[in-house]
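Novice:
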Amino acid sequence: MERNENHSLGSGEICCLHGEELKLLCLEDNEPVCSVCRDSQKYTNQTFRPISEAVPLYKEELNTAMKSLQEQLKQRENFKREFENIVQHIKSQTEHTENQIKQQFKKLHQFLRDEEAATIAELREEEEQKKQKMKEKLEEINRHISALSHTIKDLEETMKANDVCFLKKFPVTMERVQISQPEPQMPSGALIHVPHYLGNLQFRVWKKMLDFIQKTPVILDPNTAHPCLILSDDLTSVRYIWDKQLLPDNPERFDICGCVLGSEGFNSGTHCWDVEVKESVCWSLGVTTASNQRKGRDFFRNDVWCVQYDPYRLLGPGFLVKWELEFVRVDLDYDGGMVSFLDPVTNTHLRTFTATFTDTVFPFFCNLDELNYLRILPV
Numbered sequence: 052m053e054r055n056e057n058h059s060l061g062s063g064e065i066c067c068l069h070g071e072e073l074k075l076l077c078l079e080d081n082e083p084v085c086s087v088c089r090d091s092q093k094y095t096n097q098t099f100r101p102i103s104e105a106v107p108l109y110k111e112e113l114n115t116a117m118k119s120l121q122e123q124l125k126q127r128e129n130f131k132r133e134f135e136n137i138v139q140h141i142k143s144q145t146e147h148t149e150n151q152i153k154q155q156f157k158k159l160h161q162f163l164r165d166e167e168a169a170t171i172a173e174l175r176e177e178e179e180q181k182k183q184k185m186k187e188k189l190e191e192i193n194r195h196i197s198a199l200s201h202t203i204k205d206l207e208e209t210m211k212a213n214d215v216c217f218l219k220k221f222p223v224t225m226e227r228v229q230i231s232q233p234e235p236q237m238p239s240g241a242l243i244h245v246p247h248y249l250g251n252l253q254f255r256v257w258k259k260m261l262d263f264i265q266k267t268p269v270i271l272d273p274n275t276a277h278p279c280l281i282l283s284d285d286l287t288s289v290r291y292i293w294d295k296q297l298l299p300d301n302p303e304r305f306d307i308c309g310c311v312l313g314s315e316g317f318n319s320g321t322h323c324w325d326v327e328v329k330e331s332v333c334w335s336l337g338v339t340t341a342s343n344q345r346k347g348r349d350f351f352r353n354d355v356w357c358v359q360y361d362p363y364r365l366l367g368p369g370f371l372v373k374w375e376l377e378f379v380r381v382d383l384d385y386d387g388g389m390v391s392f393l394d395p396v397t398n399t400h401l402r403t404f405t406a407t408f409t410d411t412v413f414p415f416f417c418n419l420d421e422l423n424y425l426r427i428l429p430v
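Under our numbering, the first residue of the sequence shown carries the number 52, and numbering increases by one thereafter.
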C-alpha cells in the first residue's frame with residue numbers, strides 16, 4: 052500500500068475488501084478497518100475507535116516507553132564511565148604497589164631478587180585477570196548501550212511512519228520496548244588485593260632468616276578506606292585529610308564514616324595487636340563484623356566493639372576513653388566471645404565487651420586527625 056503523508060484525518064489507505072478508506076481501529080483485533088468492515092459479521096460485538104483518536108494515545112504510550120529506554124541508556128553510560136574509572140584505578144594501584152614492592156626489595160640482599168620478580172609477576176597476573184573481568188563488564192555494557200541505541204533509533208523511525216504502518220508495527224515494537232535488561236552491578240573484589248603483596252612482605256620473604264625482621268599483626272586494607280584517609284606505604288598507619296581522594300565507590304569501601312578495616316578477618320582463635328594513638332586528637336578502634344554496613348552513617352550503631360577518644364563528639368556510639376593514652380592493646384577471643392582493651396604501658400584495663408560471634412570479625416580503625424597517624428605496632 053502507498054503511504055499518504057498528507058492525510059491528517061484518516062489513514063489514507065483503502066480497505067482491500069470494500070474499497071473504503073480505513074478510518075477505524077478495532078480495539079479487540081488491534082487492526083485498521085473501514086466502515087463496511089465494522090458492520091460486517093466478522094466484527095460483531097467488537098469495539099472501534101477512530102484512528103485519528105487511537106494513534107495519539109498509542110504514540111503517547113510509546114513515547115513514555117521510549118523515555119524509559121533513554122533513561123536506561125543514560126544509566127548504562129554512567130556505569131560504563133564508573134567501570135572505566137575502576138580500570139584506571141586498578142592500573143594506578145598496580146603501579147603504586149609495584150613501586151612499593153621495589154622499594155622494599157631494595158633493602159634485601161642480592162640473592163632475594165628472584166623473589167622480587169616472582170612477586171611482581173603474581174601482581175601482574177592479578178592485574179590482567181581483574182582488568183579482563185572489568186573489560187568483560189565494559190563489553191557487556193557496550194552491548195547493552197548499542198542495543199538500546201538501535202531500539203531507540205527504530206522507535207524514532209516507527210514514530211515517523213504513517214498511522215497504519217505505525218499500528219501494524221506497534222505490538223512488535225512494544226514487545227521490544229518491554230524486554231528488560233539486567234541492571235549492571237558493581238562487582239565486589241574488583242580491585243587489586245594490595246595487602247597480599249605489601250602486607251608483611253619482608254617478613255614473608257625473610258622468614259627463613261629468623262628474627263631478621265618483625266611482623267605486624269594487622270595490615271590495613273586500602274580498598275576499604277574512606278576517601279579522606281591516607282595509609283602509609285606499608286599499610287600499618289592511617290591519618291585523615293580534608294580533601295577527598297578520587298577513589299572508586301566499590302562495595303568494600305566506607306563512604307561516610309572515616310574508617311578502614313584490617314585486611315584479614317577472624318572467625319576463630321585469639322588475636323592481639325597494639326596501636327599507637329598518643330598523637331591523634333580523635334580516634335576509634337576495635338572490631339566489627341564482616342557484614343556490618345559500610346555505606347551510610349550507621350556503622351557505629353551495629354556490631355561494633357570499640358573504644359574511642361572523642362572530645363569533639365565527632366564519632367558514633369562507643370566506649371569513651373576520658374584521658375589521653377599512648378597505646379591501646381586489643382585482645383580478641385573469638386571462641387570465648389570477648390573483646391578486651393588495655394593500656395599496655397600501665398597494664399590498665401579499659402573495657403571488655405562480651406558477645407556471641409557468628410560472623411567473621413575485622414579490626415577497624417578510625418582517625419580524624421590530619422597531622423598524626425594511628426600506627427599498628429609490630430610484634
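All C-beta atoms, glycine included, are put in the ideal place defined by N, C-alpha and C.
Quick check: the segment 315 to 330 against the segment 374 to 383, are at least 3 beta-carbon pairs closer than 8 Å?
Specialist: Result yes; three or more Cβ-Cβ pairs closer than 8 Å.
Novice: Between which two residues does the beta strand (DSSP E) holding Ile270 run?
Specialist: No beta strand (DSSP E) holds Ile270; DSSP gives it neither H nor E.
Novice: Taking the alpha helix (DSSP H) that Thr170 falls in, what are its first and last residues?
Specialist: Taken as a continuous stretch (DSSP letters only), the alpha helix (DSSP H) holding Thr170 covers Arg164 to Lys211.
Novice: Do you know whose CA, among Leu252, Glu303, Arg345 and Pro414, lies nearest Ala169's CA?
Specialist: Ala169 has its Cα closest to that of Leu252, out of Leu252, Glu303, Arg345 and Pro414.
Novice: Runs of 4 residues minimum, wholly inside the segment 139 to 164: which ones carry the alpha helix (DSSP H) assignment?
Specialist: For the segment 139 to 164, not a single whole alpha helix (DSSP H) run of length 4 or above is found.
Novice: Which term fits Arg364, buried or exposed, when burial requires 16 or more other beta carbons within 10 angstroms of its beta carbon?
Specialist: With fewer than 16 other Cβ atoms within 10 Å, it is exposed.
Novice: What would DSSP say about Met389, mapped onto helix, strand or coil?
Specialist: It is a strand residue.
Novice: I need the boundaries of the beta strand (DSSP E) containing His69, first residue and last residue.
Specialist: Segment: none, His69 is in no beta strand (DSSP E) and carries neither H nor E.
Novice: At 3 residues or longer, what runs of the beta strand (DSSP E) sit wholly inside the segment 293 to 361?
Specialist: Whole beta strand (DSSP E) segments, 3+ residues: 310 to 312, 321 to 327, 334 to 340 and 355 to 360.
Novice: Under three-state DSSP, which class holds Val245?
Specialist: Helix at Val245.
Novice: How do the segment 144 to 156 and the segment 193 to 213 stand: do at least 3 beta-carbon pairs fall below 8 Å, yes or no?
Specialist: Too few Cβ pairs lie closer than 8 Å, so no.
Novice: Determine the DSSP secondary structure at Cys85, reduced to helix, strand or coil.
Specialist: Here Cys85 sits in coil by DSSP.
Novice: Can you say whether Ser335 is buried or exposed, counting buried as having 16 or more other CB atoms within 10 angstroms of its CB?
Specialist: Buried.
Novice: Would you kindly check if the distance between the Cβ of Arg255 and the Cβ of Asn418 is under 8 Å?
Specialist: For Asn418 and Arg255, no; Cβs fall outside 8 Å.
Novice: Quick check: the segment 270 to 280 against the segment 395 to 411, are at least 3 beta-carbon pairs closer than 8 Å?
Specialist: No contact exists between the segment 395 to 411 and the segment 270 to 280.
Novice: On the criterion of 16 or more Cβ atoms from any shown chain inside 10 Å, does Trp374 qualify as buried, or is it exposed?
Specialist: Burial call: exposed.
Novice: Using the beta-carbon count (16 or more within 10 Å), is Asp214 buried or exposed?
Specialist: It is buried - the Cβ of Asp214 has at least 16 other Cβ atoms within 10 Å.
Novice: Grab the span of the alpha helix (DSSP H) containing Leu280 for me, first residue to last.
Specialist: Segment Leu280 to Leu282 is the beta strand (DSSP E) holding Leu280; no alpha helix (DSSP H) there.
Novice: According to DSSP, simplified to helix, strand and coil, what is Arg364?
Specialist: The answer is coil: DSSP assigns Arg364 none of H, G, I, E or B.
Novice: Tell me whether Ile137 sits in a helix, a strand or coil according to DSSP, three-state version.
Specialist: In the structure shown, Ile137 sits in a helix (DSSP, three-state: H, G or I).
Novice: Closest to Cys88 by CA distance: which of Leu73, Leu78, Glu178 and Phe130 is it?
Specialist: With distances taken between Cα atoms, Cys88 lies closest to Leu73.
Novice: Between which two residues does the alpha helix (DSSP H) holding Val228 run?
Specialist: Looking at the DSSP string, the run of the alpha helix (DSSP H) that includes Val228 is Asp214 to Gln229.
Novice: Under 8 Å between the Cβ atoms of Val390 and Lys266?
Specialist: No, they are not a contact pair.
Novice: For the candidate residues Phe156, Ala212 and Gln144, whose alpha-carbon lies nearest to that of Glu179?
Specialist: It is Gln144.
Novice: Since Leu371 sits in a beta bridge, which residues does DSSP pair it with?
Specialist: DSSP output for Leu371 lists Gln359 as bridge partner(s).
Novice: So what does DSSP say about Phe409, is it helix, strand or coil?
Specialist: In the sequence as displayed, the identity of residue 409 is Thr instead of Phe. Reduced to three states, the DSSP call for Thr409 is coil.
Novice: Is the CB-CB distance between Tyr385 and Asn318 below 8 Å?
Specialist: In this structure, Asn318 lies closer than 8 Å to Tyr385 by Cβ.
Novice: Is the Cβ-Cβ distance between Pro438 and Gly250 less than 8 Å?
Specialist: In the structure as shown, the chain begins at 52 and stops at 430. Residue 438 is therefore absent and cannot be evaluated.
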